[in-house]
Every structure is written in C-alpha cells, then in structure tokens.
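Let me begin by presenting the structure, written as structure tokens, before commenting on it.
There are 2 protein chains.
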Amino acid sequence: MKKVLLLLAEGFEFYEASVFVDVIGWNRLEGDHSTQLYTCGFTKEVGSTFGQKLVVDQLIEELDPDDFDALAIPGGFQEFGYFESALRPEISGLIKRFHNSKKMIASICTGAIAVAQSGVLTGKRATTYNLNPLRQQSLVNLGAILCMEPIVIDDNIITSWSPSTALDVAFALLERLTNKENVLNVKRLMGFKICQPNTLV
Amino acid sequence: MKKVLLLLAEGFEFYEASVFVDVIGWNRLEGDHSTQLYTCGFTKEVGSTFGQKLVVDQLIEELDPDDFDALAIPGGFQEFGYFESALRPEISGLIKRFHNSKKMIASICTGAIAVAQSGVLTGKRATTYNLNPLRQQSLVNLGAILCMEPIVIDDNIITSWSPSTALDVAFALLERLTNKENVLNVKRLMGFKICQPNTLV
C-alpha cells in the first residue's frame, strides 16, 4: 500500500485538499486499490479557508515521515492564516524529509510557497498562483526558477497555478504512484471523458 | 447575504462537497461577496466517503430551513453508509421544505437519489451517477424522468452525473444566486479559462 500524507496547514483550501482525498480514495476503492491517504495538521481540528473544520488523522509533531510514500500540499488564503501556519519550521522540516528520501511532493497553488520555504525548490523550476504577482515574487525570492505554466514537474516536486489545476495535480501524483493506464481508469469512473491520455475535458 | 446550506449525510463525497465550499467561499471573498455557506449533519462530526471527518456548523434537528436560500447536496458511496443516512426521513423533510419555498436545490451524482426519495422529483427531469444502472433505476423507481445528460436543471432542482460535473453544478447554483457575469469573474479568479460563457476548459 502506498501511503499519501495530506498536509493541512491552518487555512488550507478545501477544494485543493479534496482532490487528493477523492483521487487517492477512488483509486483505493475502484482503481488498483494500492493507495491510501492520511491527513495531518498542527492541531486535531484544522480550520480551512472559508471556515470548515476537518479532524486530522495525525498531529505533525507525532508522525514519522518514513511511514509515507508521498506528500500532498494544498494551498490556502493569507486571510485565513495559511502562510503563518504553512511556513512554520516544522512543515519545512517535513518537506525536507520527503525530498531527501526522493519521495513525491505534490503541491497546488500557494502550497508551492511552503515547498519553496523549505529550501528544496532552490534552482528548480516551479510555479504558483498566477494571478497575484506577490506569490510569484515570493517563489523567486525563495530561490525557485519561476515558470509560467499551469503545472510544473521538476524531479520529484509538482507545483501548479490555481484551483483549476488541482485535479490534474492529484492525477499526476496518482500516475507517479501507480501507472498511466490505472489513472485513465480512475478518471473514467469519476466521469471525466478521456480525449487524449491525461487530458480532462 | 444569500445563505447556502450544505447537507452532509454520513459518507458524503468529499470532493463533491468541496466544490460548494470553494465556489461559494471564493464568491464571498473575491466575487460579489453576497453568499455564505453553512454545513449541517446528523452529528457534530460527519464522516465522509474515504474516511475524512468534518465538523459541521449545525445539527439537522436544530436548524431552521427558513434561515437559508439554497440547499446543496453532494453524493456519496453506499460502502460508507451514504444511502442509510441520506434517505432518512429528516433529510426528505428538509428537502421538501426547500422545495415548497421554491428555493434552489443543487445535487451532485448520487445526491439525486436523496432528492428523489423526498418525492420532489416526481414527474421531473433528472439524472444521477451514469456508470451504475442501479442508481439510474432508483431514480426512475422514485418517480423521476431519467435524462442521460451530465447536468439537468428542472425548475429549481439541479441533478448531475458524477464528480466530473461537480464544479459546474456549484457554478450553476452560484449563477442562480447571483448572475452570469459574477460567475465568470469567480471562475477567472479560480484559474478557469473562459472560452464561452459557462464552459470550463
């Protein structure tokens, strides 16, 4: 079983977290059954952007990164305390542990800022929310090479623009954990028409 | 402020709930600011399909439907107790109250079965998860006219096929609560390219 750790910083964006829950979950139930998702946060209940509260499986301080095969990082809004939480040294440390073990790190939107803060994006191609120059500048200031592409995969790290890219990031992670054929089957079951491999319409 | 009640039956599908959280939330923060979402369930903590636990704002037994302007109903998996919960008479009663007040009811995937169970789809055009004939048969048995279309809007009731239709259902609800121009702006901010009005690419 390949275990995905979903990192929920305070103020995480609910939709961007949900794509990992569903894609990994559909695969467990209806795909090749080889993946399982676990959530973590600083507190047992974590508040999302837009005020929902989720009960996490594990506290960050208690978990062992060696138990997991990939890290998934949704973005979030500054207005809901996302950066205050996501840029904490404990999260940077967690990201570095996954990176040093060459495990997949899949982030969406402003989640890239948390990845960059850890130092693992230095000299790597990456992107972040594309409609706010402040976010892009943060990424550059933290040493990444900014790419104006919706989804950027450099080595083991996925970064992306916005909620619109979220599903494709989750499917890209599933493809790295399983294979292309399996991803096409899961997409089909979730109702996405397959025109070309890996293209949602 | 237009208030949307998100109905979380046990075993609700996380992704299908998230589209309402995000679309209504983005509109509150970055759109015309006129909408707010509240969650409800039978218990303070509701388990989702794939095992996440969400803390709801209100218990179903305690809420007053007159406080809300629209009802949003994600689907869910039988394996996680969705139908046992979603077909309970308290939920049928809630749906009827919204319908009798001619308020919008927006459902996704198997959420349509809960809507049909309440009786409000009798003689109306509707759809549900399209890759399982059992779900479609349930809808017909409960009096609906089955339409093989991804999203069906009959009067005040929206039904749809699968996770792939979820975002469009949430945007359709937002359009009914605000207007088309506002929806296009929210879509743009969330990163969805606008080729034609109401077409996600």
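Just so you know, the protein sequences line up as chains W and B, in that order. Everything in the first sequence is counted per our numbering, starting at 1 for the first residue and increasing by one. Everything in the second sequence is counted per our numbering, starting at 1001 for the first residue and increasing by one. Even glycine gets a Cβ: it sits at the ideal position worked out from N, Cα and C. Bear in mind that the values here come from a model prediction, so they are computed numbers and not experimental data.
task = Alpha carbon to alpha carbon, how far is B/V1186 from W/F50? Give it in angstroms, no decimals.
result = 15 Å
**Prompt:** Sorted by chain position, which residues of the same chain lie with C-beta nearer than 6 Å to B/S1048's C-beta, five sequence neighbours on each side aside?
**Reply:** F1012, F1014
(message) If contact is defined by three or more beta carbon pairs under 8 Å, each pair taking one atom from either stretch, is the region 1084-1094 of chain B in contact with the region 1129-1147 of chain B?
(response) no
Is it buried or exposed, B/F1171, if we count other Cβ atoms within 10 angstroms and call 16 or more buried?
buried
*Assuming B/V1004 and B/A1112 make a contact with CB atoms under 8 Å, what is their CB distance in whole Å?*
Contact doesn't hold; Cβ gap of about 18 Å is too wide.
Spell out a yes or no on whether the region 1100-1115 of chain B and the region 1029-1042 of chain B are touching, meaning 3 or more CB-CB pairs, one atom from each, closer than 8 Å. no
> Residues of chain W with a CB under 8 Å from the CB of B/E1079: which are they?
Replying inline: L29
Practice prompt. Can you pull the chain B residues whose beta carbon is under 9 Å from the beta carbon of W/K102, in chain order?
Written response: Near W/K102 there are no residues of chain B at all, since even the closest Cβ is about 27 Å away, more than 9 Å.
Give the interface partners of W/F192 over in chain C, defined as CB-CB distance under 9 Å, in chain order.
-> Of the chains in the structure shown, none is chain C; the protein chains are W and B.
Short check: CB of B/L1177 to CB of B/A1070, under 8 Å?
-> yes
**Message:** Tell me the residue span of the beta strand (DSSP E) that contains W/K53.
**Reply:** 53-55
Requested in this report: Hey, could you find the ends of the beta strand (DSSP E) W/L71 is sitting in?
Outcome: 70-73
Exercise. Please report the residue range of the alpha helix (DSSP H) in which B/E1016 lies.
Key: 1014-1030
> Taking just the CA atoms, how far does B/W1161 sit from B/N1202?
Replying inline: An answer regarding residue 1202 of chain B cannot be provided, because it is not within the stretch 1001 to 1201 covered by chain B.
Note to self: I'd like to confirm the pairing. Which residues does DSSP put opposite B/E1045 in its beta bridges?
What the structure shows: B/V1055
Fill in: Partners in chain B for W/V46, counting only beta-carbon separations shorter than 7 Å
In chain order: nothing, as chain B lies at least about 10 Å away.
W/V169 to W/L63, Cα distance in whole Å? 24 Å
Check: Using the beta-carbon count (16 or more within 10 Å), is B/E1010 buried or exposed?
Finding: buried
- Query: Helix or strand or just coil, what does DSSP make of B/V1183?
  - Reply: helix
Item to complete: Please work out which residues of its chain come closer than 8 Å, Cβ to Cβ, to B/M1148, disregarding the five sequence neighbours upstream and downstream, and give them in chain order.
Response: T1127, N1130
Every unbroken beta strand (DSSP E) within the region 80-110 of chain W, with a cutoff of 3 residues, ordered by chain: 104-107
One or two residues paired with W/G76 in a DSSP bridge: W/F12
query = Taking only beta-carbon atoms, is B/V1019 less than 8 Å away from chain W?
reply = yes
- Query: Between which two residues does the beta strand (DSSP E) carrying B/L1005 extend?
  - Reply: 1002-1007
Check your understanding: What are the residues of the region 1047-1058 of chain B that lie near chain W, defined by any Cβ-Cβ distance shorter than 7 Å?
Key -> T1049, F1050, Q1052, K1053, L1054, V1055
Can you tell which of W/F80, W/I158, W/L121 has its C-alpha closest to the C-alpha of W/C109? W/I158
Exercise. Between the region 176-188 of chain W and chain B, which residues of the former have CB atoms less than 7 Å from a CB of the latter, in chain order?
Worked result: none
Cβ separation of B/A1116 and B/E1016, assumed to be a contact under 8 Å, to the nearest whole Å: Their Cβ separation, rounded to whole angstroms, is 17 Å, which puts B/A1116 and B/E1016 out of contact at 8 Å.
Counting C-beta neighbours from all protein chains within 10 Å, is the total for W/P152 16 or more, i.e. buried, or is it exposed? For clarity, residue 152 of chain W is Val in the given sequence; the question names Pro instead. By the 10 Å Cβ count, W/V152 comes out buried.
Contacts of B/D1022 in chain W (Cβ-Cβ under 9 Å): E13, F14, Y15, E16, S18, T49, F50, P163
Item to complete: Could you check the C-alpha separation between B/L1085 and B/R1188 for me, to the nearest Å?
Response: Note that residue 1085 of chain B is Ser in the sequence shown, not Leu. Roughly 36 Å between the two C-alpha positions.
Am I right that W/I24 and W/L37 are in contact with their C-beta atoms under 8 Å? What's the rounded C-beta distance?
4 Å
Next on the checklist: Looking at chain W, is there any beta carbon in it that lies within less than 8 Å of the beta carbon of B/G1093?
Outcome noted: no
| request: Would you please verify whether the beta carbon of B/T1039 is less than 8 Å from any beta carbon of chain W? | output: yes
Review point. From the beta carbon of W/L7, is the nearest beta carbon of chain B less than 8 Å away?
Key: no
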